[in-house]
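Following: one structure in structure tokens, then a few remarks.
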Amino acid sequence: MLKNGTNGAELVEDNAKNGNSETLILNENQNNIQNLVDIKVGFTRQITLLGAIGLLVGTVVGSGIFVSPSVVANHSGSSGLILIIWAASGVLALFSALCYVELGTMFPTSSGSDYSFVYEGFGDLPAFVSGFTNVVLLSPMALVMVALTCASYIVLAAKIEETYIKIIAATFGNQVYGSAALVIPVLVACSSFGASNGTLISSSRMLNAVAQKGHVPKFLSLIHKKRHTPSISLFFICIISLIMLIPESSNFENLLKYISFINAALVGLTMSALLWLRYKRPDIERPFKVFLGLPILVLLSSAYFTVAPFFEHPLKSTYCLIAILVTIPIYYIFIKYKKIPKFVSNCFGSFASMLEKLNMGYPTEELKEKIYFKRSAKEEMNMQPKREANYFSYCHEQLFEFEL
């Protein structure tokens, strides 16, 4: 019989002293089971105040500031208008940030950002649309933009003139500093590194939160045993980003249009969740509360930035809209009705087992508890000893399931 204990799993066999083969199997697997249960894996609070400020500044500055001014200048034609647009965008970003502060203080233990906020407000389907779109499209596109920016400045350092007019920082540096401007590509690379660092940290933890909720395969929620980082989520997002670099259409201007549309849609969804929580759950503690007009203003701005692109470049906007809407059938097929081929499940189960052997991924305490109690509730009464002992393998099988 399998009993629930303080460590999460405890095998008890009445005939343990008989020496039969089934008991030997139990004894042989006992250490593996106990080792898995005893491993305490999860995120640790290691970012200091200075580190958090550096992470925030690196993410805000990013890499787009070194290239996007040329795009804005081509469409505006006026230096004064460019400055007005930049100032207005900064104010709008500040209002949006204040709204996110309210959401973050409402759910301080949540690491999923937009996904978690939408989940609290609207439930499974809207949260899946937000989280899946963010980790599969938005975050990888942002990383691709960082890579393209670095590549542009490397090309400049190699004295290939065609990109000169597109990279503002280096053009300005060459005019003002002369030969000393060679240091500017290095500074741009440092800024790009900060942007990619912030994007990877936030997006990998969002993907981890999505996996914890069962909206993507559970193995994506595995945590590195020693470093306590979502290593599997990091690899996944990097692979998606590398794939996005391949198409010829992956240039800076196209990606900027895609990101602007998708980001506006997702921010609008999050602001809608904030307003809905104000109405539906007013009893939630809010250590920080913004003026009601701010989320409404951000929501209206997001709606404008989602609708307006259809008049300027309808084809690209349609692509973005389809990419967002396609997450809905994905949710119903793979999440709600769980139409997953068996061979796919087996492949990912073997992959999860390999990750564990390489010490790259371990389930968190919450996930181990879910796996264990789901198994014990369904199978305790009629399990054979061999199957009962193999709790370790059972975890690997469950890591591909979308919902526990």
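Numbering (my numbering), first residue to last: 22 to 425. C-beta atoms are modelled at their ideal positions from N, C-alpha and C, and glycine is treated no differently.
| Check | Outcome |
| --- | --- |
| Nearest-angstrom Cα distance between Thr327 and Phe282? | 5 Å |
| Contact defined as beta carbons within less than 8 Å: I believe Phe309 pairs with Thr126. What is the distance between those atoms, to the nearest angstrom? | 5 Å |
| Pull the bridge partners of Ile106 from the DSSP assignment, please. | Paired residues: none, contrary to the question. |
| Suppose you measure from the CA of Leu241 to the CA of Val156; what does that come to, to the nearest Å? | 12 Å |
| Buried or exposed, going by whether 16 or more other CB atoms sit within 10 Å of the CB of Tyr141? | The displayed chain sequence assigns Glu, not Tyr, to residue 141. By the neighbour-count rule (16 or more Cβ atoms within 10 Å), Glu141 is buried. |
| Which residues bound the alpha helix (DSSP H) around His96? | 89-97 |
| Given a threshold of 16 other Cβ atoms within 10 Å of its Cβ, counted over all protein chains shown, does Ala230 qualify as buried or as exposed? | buried |
| Return the CA-CA distance between Ala216 and Lys359, expressed in angstroms with no decimal places. | 36 Å |
| Cβ atoms of Ser225 and Ile258: under 9 Å apart, would you say? | yes |
| So Ser89 and Leu266 are supposed to be a Cβ contact under 8 Å. How far apart are they, rounded? | With a Cβ gap of about 19 Å, Ser89 and Leu266 do not count as contacting. |
| Is it buried or exposed for Phe364, if we count other Cβ within 10 angstroms and need 16 for buried? | exposed |
| Quick one: what does DSSP say Ile60 is sitting in, helix, strand or coil? | Only weak support exists for where Ile60 lies, its pLDDT of 49 falling under 50; the value from the coordinates is given anyway. Here Ile60 sits in coil by DSSP. |
| So does the region 313-322 actually touch the region 105-120, counting three or more Cβ pairs closer than 8 Å? | yes |
| May I have the straight-line CA-CA distance separating Thr11 from Ile244, to the nearest angstrom? | Here the chain has residues from 22 to 425 only, and residue 11 is not among them. |
| Using 9 Å as the threshold, is the C-beta distance between Leu158 and Tyr279 below it? | yes |
| Taking the straight line between their C-alpha atoms, what separation do you get for Pro268 and Ile343? | 18 Å |
| Taking Pro238 as the reference, give the member of Ser99, Asn367, Ile68 with the closest Cα. | Asn367 |
| Assuming Phe291 contacts Phe87 under a Cβ cut-off of 8 Å, what Cβ separation, rounded to an integer in Å, is found between them? | This sequence places Thr at residue 291; Phe is not what is there. With a Cβ gap of about 28 Å, Thr291 and Phe87 do not count as contacting. |
| Runs of 4 residues minimum, wholly inside the region 319-346: which ones carry the alpha helix (DSSP H) assignment? | 330-333, 335-346 |
| When the Cα of Asn275 is compared with those of Lys337, Gly72, Ala108, Tyr121, which residue comes out closest? | Lys337 |
| My understanding is that Leu76 touches Ile264, with C-beta atoms under 8 Å, so please give their C-beta distance in whole angstroms. | Leu76 to Ile264, Cβ: 26 Å. No contact. |
| Under the three-state reduction of DSSP, which class applies to Glu49: helix, strand or coil? | The pLDDT assigned to Glu49 is 45, lower than 50, so where the model puts this residue is not dependable; a value taken from the coordinates is nonetheless given after this. Three-state DSSP puts Glu49 in a helix. |
| Can you tell me whether Ala294 is buried or exposed? The criterion is at least 16 other CB atoms within 10 Å of its CB, across all chains shown. | buried |
| What does the alpha-carbon distance come out to for the pair Thr69 and Ser323? | 33 Å |
| What separation, rounded to the nearest whole angstrom, lies between the Cα atoms of Ala148 and Tyr136? | 5 Å |
| Assign Pro308 to one of three DSSP states: helix, strand, or coil. | coil |
| On the CB-based measure, 16 or more other CB atoms within 10 Å of its CB, does Ser254 come out buried or exposed? | buried |
| Return helix, strand or coil for Ile54, following the three-state DSSP convention. | Only weak support is given to the placement of Ile54: the predicted model assigns it a pLDDT of 45, under 50, and the value that follows is read from those uncertain coordinates. DSSP places Ile54 in helix when its eight states are reduced to three. |
| So, with DSSP's three-state summary, where would you put Val237? | coil |
| Taking Gly235 as the reference, give the member of Thr220, Ser160, Asp145 with the closest Cα. | Asp145 |
| Is the CB of Lys239 under 9 Å away from at least one CB in chain C? | In the structure shown, chain C does not exist; there is a single protein chain. |
| Apart from the five residues just before and just after Gly101, which ones in its own chain have a Cβ nearer than 7 Å to its Cβ? | none |
| How is the alpha helix (DSSP H) around Leu273 delimited, first residue to last? | Inspection of the sequence shows that residue 273 is occupied by Phe rather than by Leu. That run of the alpha helix (DSSP H) goes 273-301. |
| Just the C-alpha distance for Ser97 and Ile103, rounded to the nearest angstrom, thanks. | 7 Å |
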